[in-house]
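K.L.:
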Amino acid sequence: MKLLLISPPFGEKGQMSKGLPIAPPVLEYLAGLTLQIKPDVKVELIDANKELFDPDKLDADIVGFTVLTPQAPWVYKMADKLRASGRQVVLGGIHVTALPDEAKAHADAVVLGEAETIWNELLEDAEKNRLKTVYEGTFPELSGLPAPVTNLWNTKYVYGYFQTSRGCPFSCTFCSVHKFFGGKVRMRPIDEVVKEVAGSSRKLFWGIDDNIWGVNTGKTIELYREMAKSVRGKWWFGSGDIKSLQHPRSQELLKYARKAGLTAVLLGWESNNMSSLEEYKAVTKQGRERRDAIKKIRDHGIEVMLFIMVGGRQDRREDYEGIFNLCEELKVSAHPVMTTPFPGTELYDIYKPYLIEGFDWDSYDGNHAVFEHPTMSPRDREEAIIRLRSDLFSIPKILQRISQISWRGFPMSHITSWMVQFPQGRAFKQYARDKGMV
Ligand code: B12
């Protein structure tokens, strides 16, 4: 049987991700899972950001798409075409799980939740051409997971990925993770993670955990110590919370994180407006000493980029400039995204009365204002975020920030900083140009 797995384009017409140097983790993982349980299946992967995907010219018995919310309209269009030509289509991922009835209309089968516990059954049904409409996965234990399959691409990537845990104990209203992966965190066995990263032919990674150090400080230190011992010449970045840096063992955590190859962290600042933080139920995740936590990380030579939302209903016009000033003060960069109420989240229910009619899911991409705001028009908010990004990511600002990284991180934190900031600045500029704002 021939299985084709597709990662859909990001953003409007895919242009936001042009040059995204990260191999789509879900495809490499699903390829591994397939070959682990059915080695005779012929798997092919397509990253539709990098390659033209032509539904009329493909050779596969079953086609699987992974679906984030902004990708749904493109996927549905392609899936409808494929089904009309007699292909079996399977859809999975966060959006499909949040809105199964919508997704079902475009698929022979939908996979809800995690795939591990149902993938074998689904592949067997596909072989017999007898797919069920819905396969619902349960939360699997994370031992014995397959390593990513990295040699099926027609294109080259700079970054691979590794994952050490799933699930999140926090329940932020904007986030899909606690509902999708559960509130109890499951960790992979340390030796399996270390073996996988050490054995990879890649040198640079994105640690795709939602929280690289927030799960269990003791266990994370143990993981980093083992990585420091066995993983040589490999470097990575990942997302983390701020509260963990206020833990009594935080200095040890950071010391071993650095030794394990961590060069940069995308830190969940979430919002610079206190009322928004409350609306997002993200206050406890911050702890009291947000600024000190950032200084601690930077002192270890680890670069910081703040993950921050703006444009929420509690935010105010001055918050855009506030984010720029915050970055200047802390000497860090930020990835500002428009607050977006994704389906299936609590924020979606809170913002439902204010959603603007007529937007399809591809506008839920962190660039568009999809709901009404008490004082700022959608256009105002979209322009304000474009301006903020352009102020943050001018070449002089990028270079200034790199020069402020501690020499303890030299050279990899400096190099990573450039590799993370520069393409973002370029993509933001391109987006502004397309919107006629440059
Ligand atoms: C890596 C990542 C990215 C990468 C993707 C890299 C790439 N080249 O593919 C990048 C940086 C591009 C990215 C972008 C965005 N992301 Co993102 N991202 C993630 C992250 C951290 C990990 C996802 C991942 O790869 N996991 C590893 C794989 C192995 O697991 P998985 O995807 O969960 O897959 C399992 C199941 O879902 C299922 N499955 C999934 N797909 C399929 C398909 C089939 C056919 C089958 C059978 C099964 C199946 O099987 C897998 C095994 O169990 C998640 C957080 C998370 N915990 O999921 C957020 C997450 C997916 N992202 C999210 C968001 C919001 C975004 C953005 C919209 C952010 C923004 N505002 O700019 C953009 C999308 C841009 C766009 N315009 O499309 C949200 C999703 C919300 C939603 N409703 O879609 C998440 C959940 C984060 C969150 N906290 O809520 N992201």
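Here the sequence shown is numbered in this note's numbering, starting from 3 and rising by one per residue. Every residue, glycine too, gets a C-beta built ideally from N, C-alpha and C.
Grab the span of the beta strand (DSSP E) containing F460 for me, first residue to last.
P.N.:
The displayed coordinates of the chain run from 3 to 440. Any statement about residue 460 would go beyond what the structure contains.
K.L.:
Taking the alpha-carbon positions, what's the L35 to E118 distance?
P.N.:
Cα to Cα, L35 sits roughly 7 Å from E118.
K.L.:
Once you ignore the five residues that flank R132 on each side, which residues in its own chain have a CB closer than 7 Å to its CB?
P.N.:
For R132, where only same-chain residues beyond five positions count, there are no Cβ hits under 7 Å.
K.L.:
Within this structure, are the beta carbons of P355 and L101 separated by less than 8 Å?
P.N.:
No. Outside cutoff.
K.L.:
Are there 16 or more other CB atoms within 10 angstroms of the CB of T341, so buried, or fewer, so exposed?
P.N.:
Buried, because 16 or more other Cβ atoms sit within 10 Å of the Cβ of T341.
K.L.:
Determine the extent of the alpha helix (DSSP H) in which Q90 is found, giving its start and end residues.
P.N.:
That residue, Q90, is in no alpha helix (DSSP H); its beta strand (DSSP E) goes 90-94.
K.L.:
Should S178 be counted as a contact of the ligand B12 given a C-beta to heavy atom distance under 7 Å?
P.N.:
Yes, since a heavy atom of the ligand B12 falls inside the 7 Å radius drawn around the Cβ of S178.
K.L.:
Per DSSP, what kind of secondary structure is L394 in: helix, strand or coil?
P.N.:
Three-state result, L394: helix.
K.L.:
Starting from the Cα of S1, find the closest Cα among I325, F239, L328, K431 and give me that residue.
P.N.:
Because residue 1 is not part of the residues shown, which for the chain are 3 to 440, the question remains open.
K.L.:
Please report the residue range of the alpha helix (DSSP H) in which S415 lies.
P.N.:
Start and end: 414-436.
K.L.:
Beta carbon of V372: closer than 7 Å to some heavy atom of the ligand B12?
P.N.:
Incorrect: V372 has no Cβ contact closer than 7 Å to the ligand B12.
K.L.:
Give me the residue from V339, G313, L308 with the minimum Cα distance to C329.
P.N.:
If we check each option's Cα against that of C329, L308 comes out closest.
K.L.:
Alpha carbons only, please: which of L256, G139, L5 is nearest the one belonging to E129?
P.N.:
Comparing Cα positions, the closest option is L5.
K.L.:
Going by C-alpha to C-alpha distance, which of E228, V233, K181, F182 sits closest to R204?
P.N.:
Ranking the options by Cα distance to R204, first place goes to V233.
K.L.:
Count the other CB atoms within 10 Å of the CB of M18; is the residue buried (16 or more) or exposed (fewer)?
P.N.:
Low per-residue confidence applies at M18: pLDDT is 42, beneath 50, and the placement is therefore not dependable, though the value from the model is reported in the following sentence. Under this definition M18 is a buried residue.
K.L.:
Report the option in L93, V98, L247, E143 whose CA atom is closest to the CA atom of F66.
P.N.:
Phe is not the amino acid found at residue 66; the sequence shown has Gly there. It is L93.
K.L.:
Suppose you measure from the CA of L31 to the CA of L147; what does that come to, to the nearest Å?
P.N.:
Checking the sequence, you will find Tyr at residue 31 rather than Leu. Those two C-alpha atoms are separated by around 9 Å.
K.L.:
Quick one: what's got a C-beta closer than 8 Å to G201's C-beta in the same chain, skipping five residues either side?
P.N.:
Cβ within range, chain order: A149.
K.L.:
Relative to the alpha-carbon of V98, which residue among H249, R89, P72 has its alpha-carbon at the smallest distance?
P.N.:
It is P72.
K.L.:
Taking the alpha helix (DSSP H) that T36 belongs to, which residues open and close that run?
P.N.:
Here the alpha helix (DSSP H) through T36 covers 27-39.
K.L.:
Can you find the residues in the same chain that come closer than 8 Å, C-beta to C-beta, to L279, ignoring five residues on each side of it along the sequence?
P.N.:
The residues are E272, S273, V285, Q288.
K.L.:
By Cβ distance below 8 Å, which residues in the same chain neighbour A62 in space, the five residues on each side in sequence not counted?
P.N.:
Hits under 8 Å: K4, L5, L6, E46, R89.
K.L.:
Since V332 is in the beta strand (DSSP E), which residue starts that stretch and which ends it?
P.N.:
For clarity, residue 332 is Leu in the given sequence; the question names Val instead. Note, L332: premise wrong, no beta strand (DSSP E); alpha helix (DSSP H) at 320-332.
K.L.:
Using only the alpha-carbon positions, how far apart do A434 and P338 sit?
P.N.:
Approximately 14 Å, taken between the alpha carbons.
K.L.:
Could you tell me which residues DSSP pairs with P11 in its beta bridges?
P.N.:
Note: P11 sits in no beta bridge, so no partner.
K.L.:
Quick check: is the beta carbon of W121 nearer than 8 Å to any beta carbon in chain C?
P.N.:
Chain labels in this structure do not include chain C; a single protein chain is all it has.
K.L.:
Closest to P41 by C-alpha separation, out of V77, P413, A109, N122, would be which residue?
P.N.:
Among V77, P413, A109, N122, the Cα nearest to that of P41 is on N122.
K.L.:
What distance in whole Å lies between the Cβ atoms of M311 and F430, which are believed to be in contact at a cut-off of 8 Å?
P.N.:
Not quite, the Cβ-Cβ distance comes to about 16 Å (not below 8 Å), so this is no contact.
K.L.:
Does the beta carbon of T175 fall short of 7 Å from some heavy atom of the ligand B12?
P.N.:
Checking every heavy atom of the ligand B12 against the Cβ of T175, none is found closer than 7 Å.
K.L.:
Tell whether a beta-carbon distance below 8 Å holds between L401 and A336.
P.N.:
No, the Cβ-Cβ distance between L401 and A336 is not below 8 Å.
K.L.:
Any idea what DSSP makes of G185, helix, strand or coil?
P.N.:
Here G185 sits in coil by DSSP.
K.L.:
Measure the Cβ-Cβ separation of N213 and D193 and say whether it is below 8 Å.
P.N.:
Contact flag unset, no.
K.L.:
For R168, which residues does DSSP report across the bridge?
P.N.:
Per DSSP, R188.
K.L.:
Skipping 5 residues on each side, what residues in its chain have a beta carbon closer than 6 Å to that of K186?
P.N.:
Closer than 6 Å at Cβ, skipping near neighbours: G169.
K.L.:
Under the rule that 16 or more other beta-carbon atoms within 10 Å means buried, what is A107, buried or exposed?
P.N.:
Counting Cβ neighbours within 10 Å, A107 comes out exposed, since fewer than 16 surround it.
K.L.:
Any heavy atom of the ligand B12 within a distance shorter than 7 Å of the CB on F183?
P.N.:
Yes; taking the cut-off as 7 Å, the Cβ of F183 has a heavy atom of the ligand B12 nearer than that.
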